[in-house]
Structure formats: C-alpha cells, structure tokens
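All residue numbers for the sequence shown refer to this note's numbering, where the first residue is 1 and numbers rise by one. Think of the CB as a built atom: it goes at the ideal place given N, C-alpha and C, for glycine as much as any other residue.
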Amino acid sequence: MSSGAVSNQPTEAGQRPHHPVVLAHQAQRAAHVQLRIADAITAYAGSMPFVYVHIVLFAVWMIFIERDPWPMLTLVVSLEAIFLSTFVMIGQNRQAAFQQAKADHDFTEQELELKTNTQLTREIHTLTTELHRRVMRDAPTP
1 MSSGAVSNQP
11 TEAGQRPHHP
21 VVLAHQAQRA
31 AHVQLRIADA
41 ITAYAGSMPF
51 VYVHIVLFAV
61 WMIFIERDPW
71 PMLTLVVSLE
81 AIFLSTFVMI
91 GQNRQAAFQQ
101 AKADHDFTEQ
111 ELELKTNTQL
121 TREIHTLTTE
131 LHRRVMRDAP
141 TP
C-alpha cells in the first residue's frame, strides 16, 4: 500500500474515509460560494423530489393557470432546460477537474513508490553482494 493510500476500514460514524484528493477537492469547492450554489442546484435537480415537484407544478399550471396550448409554460420549461443543461455541464467540468486532480495525485504516489522500491532493490542487491562476498571468503576451499 502506498503512503497516500487510505484504509477501507469504516470510521466511527460508519462511513469509509475519503481519499486525500477527494477531501482537498471538497475543501476547494466549499471555499467558493458560486460553486456551493451550483453543487446544491445540481444535487437537487438530479433528485426524485425535483421530478415530483415538477409533475405537480406542470399539472397545476396546465389545469388551472393556462389553457391550451400553454405558450407560457413552454417558455418557462425551455428556459429551465437551458439553465439545467448549464448546471449539468458545470457538474461535468467539476468531475473532470476532480478526475485530473486524482490522476495527478495517483501518478505522484506511484512515482514515489517506484523510487522507493528501486532504492530498496539496490540496497538488497548491495547486502546480498556483501553477504555473498563474506560467505565465499569464509568458505573452505576444496
């Protein structure tokens, strides 16, 4: 296990600990009000309560507010679709940035592990060579 790896053992709260890159990314997003708002909207828009609220609102609108052919409802739904698609793209950009940060972190950790393993292999070679030299020096000659 690399030095940056996180144990999969549950914490006291019963949740698994997060990777350091995940924690750093969450802290960075929490520092910006606009990003927190975008995250909240995206989280709500991707939920079933969002769907239920829209079913009720559209039904009320079509039955009580506007009669056939619902020109205002069409405008409102189109505008909402434009904004929601923007939030989807914001979410995709956030996910791409997170994946890049995690990939960079993983690369750094793997490089460190490779260097450590190479150094250990060299030290083992040195010790084995020295041990062989001593054994051969003390071995009786036939």
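- Where A24 is concerned, the enclosing alpha helix (DSSP H) starts and stops at 20-30.
- The count of Cβ pairs closer than 8 angstroms, one atom from the region 101-110 and one from the region 62-80, stays below three, leaving the stretches out of contact.
- R122: member of the alpha helix (DSSP H) spanning 71-138, first to last residue.
- With a cutoff of 8 angstroms on beta-carbon distance, H25 and F87 are scored as not near each other.
- In this structure, A101 places its C-beta atom within 8 angstroms of the C-beta atom of V21.
- The count of Cβ pairs closer than 8 angstroms, one atom from the region 77-95 and one from the region 34-46, reaches three, so the stretches are in contact.
- If you check the CB distance, M62 and L79 do not come in under 8 angstroms.
- Comparing alpha-carbon positions, the option among Q95, Y44, L84, T129 lying closest to R29 turns out to be Q95.
- For the pair L75 and A45, the CB atoms are not nearer than the 8 angstroms cut-off.
- Where I37 is concerned, the enclosing alpha helix (DSSP H) starts and stops at 33-45.
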